[in-house]
Each structure stands twice: as C-alpha cells, then as structure tokens.
Amino acid sequence: MMDPKKQTSPEGATWSGTFIFDPTDAIYMFHFPSQPVVPGSLIVHAFMEAARRVLQIRNFRLEAFRFREFVQPDGYEYSIEQAGSRLRCSLFRENRLLVTGFLIGDDGASMESAESAPLRHEARERGRL
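Residue numbers 4 to 132, in the working numbering, belong to the letters of the sequence shown in order.
As structure tokens, this is what we get:
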C-alpha cells in the first residue's frame with residue numbers, strides 16, 4: 004500500500020490512493036455468505052481514516068453518501084477532493100464511479116494538511132463496527 008498521493012490546484016487539494024477490503028476477512032462470511040459485499044459503513048470509515056491521516060480533523064459529519072452498486076471485497080481506487088469546508092469522496096474502479104459522498108469537518112479544525120502516514124485500510128486493522 005502506498006501513501007495517499009496529493010495534487011494541488013487553485014480550488015484545493017486532492018488525495019488519491021487505494022483501499023483494500025480483504026476478501027479473507029471473516030466479516031464477509033456473514034455479509035453476505037454466498038455473495039460477499041463490503042458494508043457501506045466500512046467504506047465510509049475508510050474515507051474518514053484516510054482524511055484523518057492527511058488533515059488535522061478528527062470528527063466528521065457525513066453528507067449525501069450514495070452507493071451506486073454493491074462493492075465486493077477487493078482493491079478500489081479512491082479520491083478525496085477538498086471543496087471548501089467539505090471533502091468530496093469518490094470510490095471507483097476502472098473509471099466507474101461506485102460510491103460518492105461528502106465529509107464535513109465537525110470539530111472546528113482547519114483543513115490544512117498534516118503529516119502523511121502510510122494509508123492502509125483493512126477491516127481487521129480497524130476492529131469491528
């Protein structure tokens with residue numbers, strides 16, 4: 004897993020990388036047994052953790068998360084784009100948009116970049132929701 008890549012434009016910064024949802028994780032035995040699907044809460048959690056690693060924000064409000072199709076356990080590209088005080092989140096594969104939504108900083112912290120740590124999201128690393 005590589006660090007999130009940062010690009011900057013006059014509108015703000017964009018971070019991108021890959022989320023890995025490990026297909027061998029036990030959670031998928033139950034969600035769903037014959038057709039494993041990544042729970043939406045895990046996808047949102049992955050975006051929150053990625054944003055926490057690159058920005059000085061701890062608490063978020065969620066806005067307008069849309070799941071356009073089921074996400075099976077595997078690796079997926081993501082981007083987090085700074086849009087004023089909001090972060091536009093996108094999950095996609097092969098240029099096909101699968102999940103979109105916004106994170107809004109809810110603790111008064113600035114949207115300035117923090118030190119970037121290696122980003123790796125796996126269900127087993129974060130514990131169970």
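Cβ coordinates follow ideal geometry from the N, Cα and C atoms, glycine included. In this text the structure is predicted, and so the values were computed from the model without any measurement.
Please go through the same chain and pick out, in chain order, the residues whose beta-carbon is closer than 8 Å to the beta-carbon of E125, but skip the five residues on each side of it. Residue confidence for E125 is low, a pLDDT of 44 falling below 50, so the modelled location carries little weight; the figure read from the coordinates is stated next. Excluding residues within five positions, the ones whose Cβ falls inside 8 Å are I23, F24, D25, D28.
Where E128 sits in the DSSP three-state scheme: A caution first: E128 carries a pLDDT of 42, below 50, which makes its placement in the model too unreliable to give a value.
Taking the alpha carbon of Y79 as the reference point, which residue from D109, K8, T11, L101 has its own alpha carbon closest? L101
DSSP beta-bridge partners for L100? F95
Other residues of its chain near Y81: CB distance less than 8 Å, five sequence neighbours each side excluded: S19, G20, T21, F22, A49, F50, A53, C92, S93, L94, F95
Do V74 and V41 have their beta-carbon atoms positioned less than 7 Å apart in this structure? yes
Could you have a look at F50 and say whether DSSP puts it in helix, strand or coil? helix
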